[in-house]
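*Asks:* I have a structure here, written as structure tokens, and I will follow up with some questions on it.
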Amino acid sequence: MQIPAQCSASSRVVRFFPSPPRNRRCSGRVDNRVHRTHSSNHQAQDVELSDVSVALKEWSVTVAAVGDGLQTILVRKGGIREPRFSPKAENFLLFPTAFHADAKMVHPEIAEQYAKEFEFDPKKLRSIPLRQVAHVTQAWTTHDKSCLDALRGLHIWTDEYIQKRLKWQENRAITIMEVRCYTIDPPVDLLSDEDFFGCFSWVDVPASGRDQPRRILSPSIDDKNFRLCQEELRTRLESVDIHPM
């Protein structure tokens, strides 16, 4: 099976596009609608962006990479203030953060390509632009440490980072989310608030931040390549003791 360049990897070398190609607008859809694909039948459906009321906090560099189609998974354990992690919604915005960000935790070519993302600090902004919305097509939990090997090459993070994730709160399950990401134009501007910052995963997004002028949402990866990424991920996870959520 040929894996698209955004998802491809060998066991030794992670291979990424240096500059991922931008997809065309999503069928020209506007009016706060996002064209999404279900993992089961890949039939297009519409979702109102105005109904997306939460945002997941994630490293700015990861948000950028997911938005550019370099990966279609997010791996989480939750924050100190959370007993465990679980997707709070099927569709959510991505809130870029600098918390715990470290260029050594991603592959060198990614650190170089996205160097500006490590300078991003949302605390210094009056309003935070949310440029990506994610749709969860599947999610699993696991305590199986072999997921480190299974997921290698499907994301921008180093083994060191994944090992740290595994060791932190070792009794807590790891959640693997497969997501289809869309870029929002213009982005949702969220007025900054001190309550947004801390060791927790989710931020509520008020309706006033979403009900802005009509937006165009563009998929980070086309339907065909996303299906190939889905197939590759499921093939990799066959060797891991996982539990669908």
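Residue numbers for the sequence shown follow the working numbering, beginning at 177 and rising by one. We put the beta carbon where it would ideally sit given N, CA and C, even for glycine.
Which residue or residues does DSSP assign as beta-bridge partners of Leu269?
*Replies:* Leu269 pairs with Ala231 and Val309.
*Asks:* What's the gap between the Cα of Leu342 and the Cα of Phe271?
*Replies:* Distance between the alpha carbons of Leu342 and Phe271 is about 23 Å.
*Asks:* Where Arg391 and Ala265 are concerned, what is the direct C-alpha to C-alpha distance, given to the nearest angstrom?
*Replies:* Cα-Cα distance, rounded: 21 Å.
*Asks:* Can you give the Cα-Cα distance for Phe402 and Arg356, rounded to whole angstroms?
*Replies:* Rounded to whole angstroms, Phe402 to Arg356 spans 8 Å at the Cα level.
*Asks:* Between the Cα of Val312 and those of Val282, Glu354, Leu366 and Ala326, spot the shortest distance and give me the residue it belongs to.
*Replies:* Taking only the C-alpha atoms, the option nearest Val312 is Glu354.
*Asks:* Going by DSSP, what residue range makes up the alpha helix (DSSP H) through Cys357?
*Replies:* Where Cys357 is concerned, there is no enclosing alpha helix (DSSP H), although the beta strand (DSSP E) it sits in stretches over Ile350 to Leu367.
*Asks:* What is the rounded straight-line gap between the Cα of Lys400 and the Cα of Pro363?
*Replies:* Using only the alpha carbons, I get a separation of about 26 Å.
*Asks:* Kindly give me the distance between the Cβ atoms of Ala326 and Arg412, rounded to whole angstroms, as I take these residues to be in contact under 8 Å.
*Replies:* Yes, Ala326 and Arg412 are in contact; Cβ-Cβ is about 4 Å, under 8 Å.
*Asks:* Less than 9 Å between the C-beta atoms of Ser303 and Thr359, yes or no?
*Replies:* In this structure, Thr359 does not lie closer than 9 Å to Ser303 by Cβ.
*Asks:* My output table needs one value for Val251: the three-state DSSP class, helix, strand or coil.
*Replies:* Note: Val251 maps to strand in three-state DSSP.
*Asks:* Measuring alpha carbon to alpha carbon, tell me which of Asp380, Val237, Leu324 and Asp371 ends up nearest Leu409.
*Replies:* Nearest of Asp380, Val237, Leu324 and Asp371 to Leu409, Cα basis: Leu324.
*Asks:* What would DSSP say about Val379, mapped onto helix, strand or coil?
*Replies:* Reduced to three states, the DSSP call for Val379 is strand.
*Asks:* Taking only three categories from DSSP, how would you classify Ser303?
*Replies:* Reduced to three states, the DSSP call for Ser303 is strand.
*Asks:* Would you mind sorting Arg260 into buried or exposed? The rule is 16 or more other CB atoms within 10 Å of its CB.
*Replies:* Flag for Arg260 reads exposed.
*Asks:* Could you have a look at Val239 and say whether DSSP puts it in helix, strand or coil?
*Replies:* Three-state DSSP puts Val239 in a helix.
*Asks:* Residues in its own chain within less than 7 Å of Leu366 by CB, not counting five upstream and five downstream?
*Replies:* For Leu366, where only same-chain residues beyond five positions count, the Cβ hits under 7 Å are Ser303, Ile304, Leu306, Val381 and Gly385.
*Asks:* Here's the rule: buried if 16 or more other CB atoms are within 10 angstroms of the residue's CB, otherwise exposed. What is Pro284?
*Replies:* It is exposed - the Cβ of Pro284 has fewer than 16 other Cβ atoms within 10 Å.
*Asks:* So Ala274 and Ala287 are supposed to be a Cβ contact under 8 Å. How far apart are they, rounded?
*Replies:* With 8 Å as the limit, Ala274 and Ala287 do not qualify as a contact, their Cβ atoms being about 14 Å apart.
*Asks:* Relative to the C-alpha of Leu238, which residue among Ser229, His331 and Ala315 is closest?
*Replies:* The question names Leu, but residue 238 in the sequence shown is Thr. Closest option to Thr238, Cα to Cα, is His331.
*Asks:* Does Asn217 come out as helix, strand or coil in the three-state DSSP assignment?
*Replies:* Low local confidence applies: a pLDDT of 35 at Asn217 is under 50, so the model's placement there is unreliable, with the coordinate-based value given in what follows. DSSP places Asn217 in coil when its eight states are reduced to three.
*Asks:* State yes or no: is the C-beta of Asp417 within less than 9 Å of the C-beta of Ser394?
*Replies:* No, they are not a contact pair.
*Asks:* Classify Leu413 as helix, strand or coil using the three-state DSSP reduction.
*Replies:* Correct three-state label for Leu413: helix.
*Asks:* Give the secondary structure of Gln289 by DSSP, where H, G and I count as helix, E and B as strand, and everything else as coil.
*Replies:* DSSP places Gln289 in helix when its eight states are reduced to three.
*Asks:* Just to confirm, are Ile338 and Ala315 a CB contact at a threshold of 9 Å?
*Replies:* For Ile338 and Ala315, no; Cβs fall outside 9 Å.
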